[in-house]
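Colleague:
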Amino acid sequence: MQKFLVRAPDGTYYVILPDGTKYQVVKQDAAVKGIVAGAEAALKKLFDETEASLATGVAIKFANQ
């Protein structure tokens with residue numbers, strides 16, 4: 011899928027998909043990067059724990075069960 015990066019006269023950048031859908035590109039500031047890093051770390055920990063549990067045959071129970 012081909013994408014186009016376009017700069018509007020006001021300096022805003024947009025990604026435009028072939029179907030005409032337009033998405034504004036948002037610059038990541040330090041706060042956003044911190045949130046993303048925290049979420050990635052939590053997901054990695056969950057994945058590692060799940061993988062270890064599956065390897066040892068331990069049953070995994072979710073909070074809503």
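Take the sequence shown: its position 14, counting from 1, is numbered 24 in our numbering, and each next residue is one higher.
Virtual Cβ for every residue (Gly too), placed ideally from N, Cα, C.
Strictly by DSSP, which residues pair up with F57?
Modeller: According to DSSP, which records beta bridges pairwise, F57 is partnered with nothing at all.
Colleague: Assuming V35 contacts Y24 (C-beta within less than 8 Å), just tell me the rounded distance between them.
Modeller: Correct: roughly 6 Å between the Cβ atoms.
Colleague: Just tell me which of D39, K13 and A49 has its CA closest to the CA of G30.
Modeller: Residue K13 is the option with its Cα nearest to G30.
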